[in-house]
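Chemist:
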Amino acid sequence: MTDKTSNKMWGGRFAAGPDAIMEAINASIDFDKRLAAQDIAGSRAHAAMLAATGIVSDSDADAMREGLLTVLSEIESGEFPFSKALEDIHMNVEARLKEVIGEPAGRLHTGRSRNDQVATDFKLWVRDQLDACDAALVALMKTCLAQAEAGADWVMPGFTHLQVAQPVTWGHHMMAYVEMFGRDLSRVRDARARMNECPLGAAALAGTSFPIDRDMTAKELGFDRPAANSLDAVSDRDFALEFLSVASICAMHLSRMAEELVIWSSAQFRFVSLSDRFSTGSSIMPQKKNPDAAELIRAKIGRIFGANVALTLVMKGLPLAYSKDMQEDKEQVFDAADNLMLALAAMDGMVRDMTANKEALEAAAGAGFSTATDLADWLVRVLGLPFRDAHHVTGALVAKAEAKGCDLPELSLEEMQSVHGEIDETVYDVLGVHNSVASRMSYGGTAPEQVRMQVGRWKEILG
Ligand code: ARG
63 MTDKTSNKMW
73 GGRFAAGPDA
83 IMEAINASID
93 FDKRLAAQDI
103 AGSRAHAAML
113 AATGIVSDSD
123 ADAMREGLLT
133 VLSEIESGEF
143 PFSKALEDIH
153 MNVEARLKEV
163 IGEPAGRLHT
173 GRSRNDQVAT
183 DFKLWVRDQL
193 DACDAALVAL
203 MKTCLAQAEA
213 GADWVMPGFT
223 HLQVAQPVTW
233 GHHMMAYVEM
243 FGRDLSRVRD
253 ARARMNECPL
263 GAAALAGTSF
273 PIDRDMTAKE
283 LGFDRPAANS
293 LDAVSDRDFA
303 LEFLSVASIC
313 AMHLSRMAEE
323 LVIWSSAQFR
333 FVSLSDRFST
343 GSSIMPQKKN
353 PDAAELIRAK
363 IGRIFGANVA
373 LTLVMKGLPL
383 AYSKDMQEDK
393 EQVFDAADNL
403 MLALAAMDGM
413 VRDMTANKEA
423 LEAAAGAGFS
433 TATDLADWLV
443 RVLGLPFRDA
453 HHVTGALVAK
463 AEAKGCDLPE
473 LSLEEMQSVH
483 GEIDETVYDV
493 LGVHNSVASR
503 MSYGGTAPEQ
513 VRMQVGRWKE
523 ILG
């Protein structure tokens, strides 16, 4: 049923209420009720400022601040009667405040607008998400660090093109993700620092003639300063876009890691086994243990990056200052944030619980002639061959081993010497996978010593 009377908050010039379809397309309360706590915090800060500047009386401001807490507790207890006719969270809260405290509620909206109000609420909400994301990333990084430390010297194949390339260490592979999540963390912190300017007091678009104190509300709400241009303050959604792009890159990293877990947990690889707690069964094939959580994490980038694209397109081409298009900002961000947090938590649980299969990793490490580069390097270092010639000689040795159906260390010295006469038995020292990884001592290399150093560095950073 459409409310036949005009809107209580802005209906002064209207003779009739909205059409049902108008109300359906206009109302945002079904989703922006998630901003209730931020809306009330913003209103309480605004009320305190109105009193401090003498714009309203202390007793009115006290009544507003108290009444807003009552409204908050009603919302938190789930009793609050949200109304579509009241469009959004801002008007729902204010209308209820009027019922709770009467006349002083009408003074709360002095010197502000829903435009600066919604920008402030939404920013506070996104800021909370960045903080939650920060904590979740730190937790996940610590989990990866624990895996890296436990297997700092376990050898496994390193891949390029998903073809075995050179042996690496398990710890080194885990630490690659620590680096990725570390960049995500630094992007989260950058975004938080950049967004921390308060829109409240920009009013509808031009500021206000009331002697408001924007520094006071900014400080009260934990912002570093008030936003310096009122037109920009009400029409800026960069903070939401930055969150979505940070989230997209992070979700892309999670997707890559998830993909590796899917591959590694397969019967063909057996590099890791996932715990029962983070696996599912098949309803028809009793033997199956599926990595569903990893697959779902792998897919989450779709909706998160989708949200990023959607909001970018909503904002594109909007003239200054506020336009109702911007109401379309919230659902995308809510959905992306919920799913990013879920993906981070699921990845943390999965990595914490998983067991790396040291034997399978080591067995695979030597396969596919993974120490061929070590052999070429030996030919350069010991026999003084130019690298290009060494590459060629090694290629011939690989072909020999392939024809014989064995690995490089299983070629006899005579077989080696038939390709290059000066090769001697010290060559076998570099052909083992452990020798190979231990020799990669360059900074950032895969040697266990380097890995342990990086683990120590990150432990210090993360505390
Ligand atoms: N529900 C609106 C939004 O989310 C609040 C701002 C409305 N402002 C206005 N001038 N109609 O964007």
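The sequence shown begins at 63 in this note's numbering and counts up one residue at a time. Ideal Cβ positions, reconstructed from N, Cα and C, are used throughout, including at glycine.
Taking the alpha-carbon of Arg176 as reference, which of His223, Pro166, Ser248, Leu97 has the nearest alpha-carbon?
Modeler: Leu97
Chemist: Can you check whether the CB of Leu112 is closer than 8 Å to the CB of Thr182?
Modeler: No, the pair does not count as a contact, with Cβ atoms beyond the cut-off.
Chemist: So which of Glu304, Ala266, Ser271 has the shortest CA-CA distance to Ser297?
Modeler: From the listed residues Glu304, Ala266, Ser271, the smallest Cα separation to Ser297 is found for Ala266.
Chemist: Could you tell me how far apart the beta carbons of Gln191 and Thr435 are, in whole angstroms, since I believe they sit closer than 8 Å?
Modeler: So it is not a contact: roughly 45 Å between Cβ atoms.
Chemist: How many Å lie between Asp562 and Ser501 at the Cα?
Modeler: Summary: the structure shown does not reach residue 562, with the chain confined to residues 63 through 525, and so no result is reported for it.
Chemist: CB of Ser90 to nearest heavy atom of the ligand ARG: below 7 Å?
Modeler: yes
Chemist: Is it buried or exposed for Leu186, if we count other Cβ within 10 angstroms and need 16 for buried?
Modeler: buried
Chemist: Please find out if some non-hydrogen atom of the ligand ARG comes closer than 7 Å to the beta-carbon of Val180.
Modeler: yes
Chemist: Could you check how far apart the C-beta atoms of Arg365 and Glu321 are, in whole angstroms? I think they sit under 8 Å.
Modeler: Not quite, the Cβ-Cβ distance comes to about 17 Å (not below 8 Å), so this is no contact.
Chemist: Is the stretch 398-417 touching the stretch 193-206 in the sense that three or more CB pairs, one from each, lie closer than 8 Å?
Modeler: yes
Chemist: Might you give, ordered along the chain, the residues of its own chain that have their beta carbon closer than 6 Å to the beta carbon of Thr456, omitting 5 neighbours on each side?
Modeler: Ala434, Leu437, Ala438
Chemist: In chain order, what residues of the same chain have a beta carbon less than 7 Å from the beta carbon of Val587, not counting five sequence neighbours either side?
Modeler: Beyond the ends of the chain as shown, which are 63 and 525, falls residue 587; an answer cannot be given.
Chemist: Name the residue from Ala407, Gly263, Ala280, Met278 whose alpha carbon lies nearest to the alpha carbon of Phe272.
Modeler: Gly263
Chemist: Inspect the CB distances between the stretch 342-357 and the stretch 382-397 and report whether three or more fall short of 8 Å.
Modeler: Not touching, per the Cβ criterion.
Chemist: Thinking C-beta only, is Gly244 closer than 8 Å to Ser210?
Modeler: Note that residue 210 is Ala in the sequence shown, not Ser. It is not a contact, given that the beta carbons lie outside the stated cut-off.
Chemist: Could you give the residue range of the beta strand (DSSP E) that holds Pro229?
Modeler: Counting along the chain, the beta strand (DSSP E) containing Pro229 begins and ends at 225-231.
Chemist: Go through its chain and collect everything with a Cβ distance to Trp326's Cβ below 7 Å, but skip five positions before and after it.
Modeler: Setting aside the 5 residues that flank it on each side, Trp326 is surrounded in the same chain by Phe333, Val334, each with a C-beta closer than 7 Å to its C-beta; the list follows chain order.
Chemist: Looking only at its own chain, which residues have a Cβ that is under 6 Å from the Cβ of Ile102, when we skip the five neighbours before and after it?
Modeler: Leu130, Leu134
Chemist: Along the chain, which unbroken stretches of the beta strand (DSSP E) at least 3 residues long are found entirely within the stretch 94-178?
Modeler: none
Chemist: Give the DSSP-derived three-state secondary structure of Asp65 in the structure shown.
Modeler: Caution is warranted here: a pLDDT of 46 is assigned to Asp65, below 50, making its placement in the model unreliable, and no coordinate value can be reported.
Chemist: Compute the distance between the beta-carbons of Ala4 and Val324, then report whether it is under 8 Å.
Modeler: No statement about residue 4 is possible, as the shown extent of the chain runs from 63 to 525 and does not include it.
Chemist: Is the number of C-beta pairs between the stretch 416-436 and the stretch 378-386 that are closer than 8 Å three or more?
Modeler: no
Chemist: Restricting to runs no shorter than 4 residues, where is the alpha helix (DSSP H) found entirely within the stretch 278-366?
Modeler: 292-297, 300-326
Chemist: Measure the alpha-carbon distance for Glu522 versus Val499 and round it to whole angstroms.
Modeler: 25 Å
Chemist: Which same chain residues, not among the five before or five after Lys351, have their C-beta less than 6 Å away from its C-beta?
Modeler: Ser341
Chemist: Grab the span of the alpha helix (DSSP H) containing Phe449 for me, first residue to last.
Modeler: 449-466
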